[in-house]
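A quick write-up on the structure given underneath.
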Ligand code: GUN
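In the working numbering, the protein residues as written are 25 to 324.
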């Protein structure tokens with residue numbers, strides 16, 4: 025079998041077009057322009073690229089965008105004060121503080137300072153709790169993107185065996201919640217799991233989010249399974265020339281694609297969905313803050 029390639033780039037483009045439609049309606053019918061503030065502390069080049077892309081795409085869908093680039097040595101109190109100011113700003117409906125933050129800043133303090141109403145990352149305890157019990161609110165961006173791709177590929181997910189590899193707060197745990205809500209049977213595997221290959225071999229759906237390049241090989245994939253690869257790892261690529269690198273996922277694409285029914289590529293699979301879902305969450309929070317029902321096609 026040769027797997028169908030799940031084109032996250034194309035899906036994200038379509039999603040952004042729908043988001044732009046919702047933004048235009050919020051403006052025309054309710055006088056609301058959804059606003060997203062992105063805060064980055066320090067000069068991590070990878071984070072800076074992400075933040076620039078976020079700001080660009082925010083404007084492209086018609087939203088208000090604010091970007092705060094703070095020097096690495098900014099005191100924790102100043103970052104918390106900025107978050108408080110954005111919490112109180114009526115033009116802002118979503119706040120994202122790019123992680124990781126420099127070592128002298130406690131990321132938990134930053135998360136706890138965020139207004140849950142504007143928590144477009146779904147990091148605060150209130151947002152995590154809402155996701156768990158199924159109340160309306162923002163949903164973790166990458167897991168929401170994975171869920172949209174899974175539904176588009178498979179339709180109903182009911183009764184399927186899903187194995188998530190990785191238990192992070194950012195991806196693994198919220199992904200498990202979302203797949204439980206879809207009536208999947210969910211297993212969360214992690215670095216201490218003893219029989220990983222055996223578990224993955226039983227999965228109709230594999231979500232790989234461990235951050236280990238090409239760890240999951242085709243020989244532990246069930247024929248026809250759907251593979252969602254969240255990993256983005258830079259590895260040496262001597263075949264491209266000395267010192268060159270390339271991006272690979274947590275799944276060994278070549279061997280997995282020979283067995284799977286469908287698979288996300290890296291790059292061009294899950295990656296483009298994350299920013300699109302951040303914009304979707306900003307429409308959701310802008311709607312909820314103003315007492316409106318969020319658009320159904322942007323929520324789980
Ligand atoms: N750093 C890497 N991914 C993310 C994300 O989704 N949100 C935030 N705030 N920081 C990140």
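Glycine included, each C-beta is placed from N, C-alpha and C at the ideal position.
Report the rounded CA-to-CA distance for residue 49 versus residue 285, giving the unit in angstroms.
38 Å
Straight-line CA distance for residue 320 to residue 261?
43 Å
Which residues mark the beginning and the end of the beta strand (DSSP E) in which residue 213 is found?
209-213
The stretch 72-88 in contact with the stretch 126-138 per 3-pair CB rule at 8 Å:
no
Does the Cβ of residue 163 lie closer than 7 Å to at least one heavy atom of ligand 1?
no
Residue 58 burial status per 10 Å Cβ neighbour count (16 or more: buried)
buried
Going by DSSP, which residues form a beta bridge with residue 151?
Note: residue 151 sits in no beta bridge, so no partner.
Distance CB(residue 232)-CB(residue 254) smaller than 8 Å:
yes
Just checking my contact of residue 167 with residue 198 at CB under 8 Å: how many whole Å lie between their CB atoms?
4 Å
For the beta strand (DSSP E) that residue 252 lies in, which residues bound it at each end?
250-253
State the Cα-Cα distance for the pair residue 234 and residue 191, rounded to the nearest angstrom.
8 Å
Using DSSP's beta-bridge definition, name the partner residues of residue 270.
259
Proximity of residue 78 and residue 256 at Cβ, strictly below 8 Å
no
Does DSSP put residue 91 in a helix, in a strand, or in coil?
strand
Given 7 Å as the limit, tell me if residue 152 has its C-beta closer than that to any heavy atom belonging to ligand 1.
no
Which residues does DSSP pair with residue 43 in a beta bridge?
Answer is none; residue 43 lacks a bridge partner.
According to DSSP, is residue 64 helix, strand or coil?
strand
Would a C-beta distance cut-off of 8 Å place residue 217 and residue 185 closer than the cut-off?
no
Mind reading off the beta-carbon distance from residue 303 to residue 54? Whole number of angstroms is fine, and I expect it under 8 Å.
Their Cβ separation, rounded to whole angstroms, is 18 Å, which puts residue 303 and residue 54 out of contact at 8 Å.
Exposed or buried, residue 226, counting other C-beta atoms within 10 Å across all chains shown (16 or more means buried)?
exposed
Quick check: the Cα distance between residue 92 and residue 71, rounded to an integer number of angstroms?
13 Å
Could you tell me how far apart the beta carbons of residue 179 and residue 297 are, in whole angstroms, since I believe they sit closer than 8 Å?
About 18 Å separates the two Cβ atoms, so there is no contact after all.
When you compare only the Cα positions, how much space is there between residue 74 and residue 193?
19 Å
Residues that DSSP places opposite residue 232 in a beta bridge
189, 253
Pop quiz: residue 162 and residue 146 are said to be a contact at Cβ under 8 Å. What is the actual Cβ separation, rounded to whole angstroms?
5 Å
Within 8 Å, strictly: CB atoms of residue 310 and residue 43:
no
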